[in-house]
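Notes for the one structure printed next.
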Amino acid sequence: MILKLLPPITLAISMASAQGGTTIYAIDFDSVTTGSVNASTLSAAGTGTTTAAWYLNPGRGAAYTIENDNSGNGDKALLADDTNGGNANKQQFTGINFDNTFDLTSLDASGSLNVSITTATRRNGNNKNLQFQLANSTGSIGFLLAWSNNGTVAVNGTTFSPASAATNFENVNPWNSTSDQVFDLNVSIANDSSFTGNFGGVAFTGNLANSVTDIDRIQLYSGGSAGGNKGAYLSNITVTAIPEPSSSALLALTGLGFIHRRRR
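When you line the sequence shown up against UniProt numbering, it's residues 1 to 264, in that order.
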């Protein structure tokens, strides 16, 4: 979620409570009424030790709805649908802006900030991609995973093995949480800004870019050519730290005026 224009994303940053971690932020959309949804409703639906403000970008032609689970499991999802947008190039869908910034350097040597995202695309055709971003309090992007409709997965510019080869049909429509085209993004970030993770079973490693040492927001972007745009799903987003962070790890932002100015 980048806030120059920030997109929402289905994502989770989580750590197992059995390991002594704490949930910083979580949202699964199940408590949100099905149908059209706005940013304030999504902002109110999150749980955890910090709150977060959602950003939606309807100006790009996207509509935002909460979708029921066609599998019958009751696992709802947020759909950012740009069918009528006809937009090419990179556009922001949504952003999740935390009211507290997490300082990675406050973690001990065995600690981590864990990010986990459940997502799917409803698009067809090649030359399109979704971008999942983690950025700091100044908007610098430390982590960027680009998932292309040809199956390619790239993290901070490095290409890893493909997560799928489903290119020429609507990958998930309607939403179905049990579809084999629904993928989980999991990222674990250490105090030195190194990370490990996987997307749909594709393992990756790296280091946060742009000297990023704090995580302030999650962003979802759309990229690629116009035509055949049918949006993306997000479901089950959680942010957790291990071990439980001290108060110094969470840097409170000063003043709503400051937050509004820098978050558009």
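For every residue, glycine included, the Cβ atom is placed at its ideal position computed from N, Cα and C. All values reported here derive from a predicted model rather than from experimental measurement.
Looking at K76 and residue 267, is the spacing between their C-beta atoms short of 8 angstroms?
-> No answer is possible for residue 267: it lies beyond the span of the chain, which begins at 1 and ends at 264.
Between the C-alpha atoms of A52 and T41, what's the straight-line distance to the nearest angstrom?
-> 11 angstroms
Output the boundary residues of the beta strand (DSSP E) element that contains L42.
-> Not the beta strand (DSSP E): L42 falls in the alpha helix (DSSP H), residues 39 to 45.
Is it the case that the Cβ atoms of I147 and L79 are separated by a distance below 8 angstroms?
-> The sequence given here places Trp at residue 147; Ile does not occur at that position. No, the pair does not count as a contact, with Cβ atoms beyond the cut-off.
Would a C-beta distance cut-off of 8 angstroms place residue 342 and D108 closer than the cut-off?
-> Because the chain in this structure spans residues 1 to 264, residue 342 falls outside the shown range and cannot be described.
Pair every Cβ in the region 212 to 225 with every Cβ in the region 178 to 187, then say whether three or more of these pairs are closer than 8 angstroms.
-> no
Going straight from the alpha carbon of N207 to that of F143, what length do you get?
-> Approximately 8 angstroms between the Cα atoms of the pair.
Compute the Euclidean distance between the alpha carbons of N236 and A26, then round it to the nearest angstrom.
-> 7 angstroms
Drop a sphere of 10 angstroms on the beta-carbon of T238, count the other beta-carbons inside from all chains shown, and report buried for 16 or more, exposed for fewer.
-> buried
C-alpha distance - N129 paired with N97, whole-angstrom precision | It is roughly 22 angstroms from the alpha-carbon of N129 to the alpha-carbon of N97.
Can you tell me the Cα-Cα spacing of A135 and F102, whole angstroms?
-> 11 angstroms
Measure the CB-CB distance between F93 and Y221 and report whether it falls below 8 angstroms.
-> yes
In chain order, what residues of the same chain have a beta carbon less than 6 angstroms from the beta carbon of Y64, not counting five sequence neighbours either side?
-> V37, L56, A80
By Cβ distance below 6 angstroms, which residues in the same chain neighbour N198 in space, the five residues on each side in sequence not counted?
-> N186
CB-CB length for T240 against T50, believed under 8 angstroms | So it is not a contact: roughly 12 angstroms between Cβ atoms.
Taking the beta strand (DSSP E) that N114 falls in, what are its first and last residues?
-> Counting along the chain, N114 sits inside the beta strand (DSSP E) bounded by residues 112 to 121.
Less than 8 angstroms separating the beta-carbons of V172 and T205?
-> no
Measure from the alpha carbon of A243 to the alpha carbon of each residue in S112, S71, D82, then state which is nearest.
-> Sequence check: residue 243 is Pro here, not Ala. Out of S112, S71, D82, S112 has the C-alpha closest to the C-alpha of P243.
Across which residues does DSSP place L78 in a beta bridge pair?
-> Under the DSSP definition of a beta bridge, L78 partners with I66, L234.
Cβ distance (whole Å) where R217 is taken to contact G95 below 8 angstroms | 6 angstroms
Name the DSSP bridge partner or partners of D103?
-> D214
Residue from S71, K90, Q131 with nearest C-alpha to V155 = Q131
Sheet register partners of Q219 (DSSP bridge) = Bridge partners of Q219: G95, Q133.
Please classify G59: does DSSP put it in a helix, a strand, or coil?
-> In the structure shown, the three-state DSSP call for G59 is helix.
Output the boundary residues of the beta strand (DSSP E) element that contains G197.
-> 194 to 199
With 16 other CB atoms within 10 Å as the buried threshold, where does N210 fall?
-> exposed
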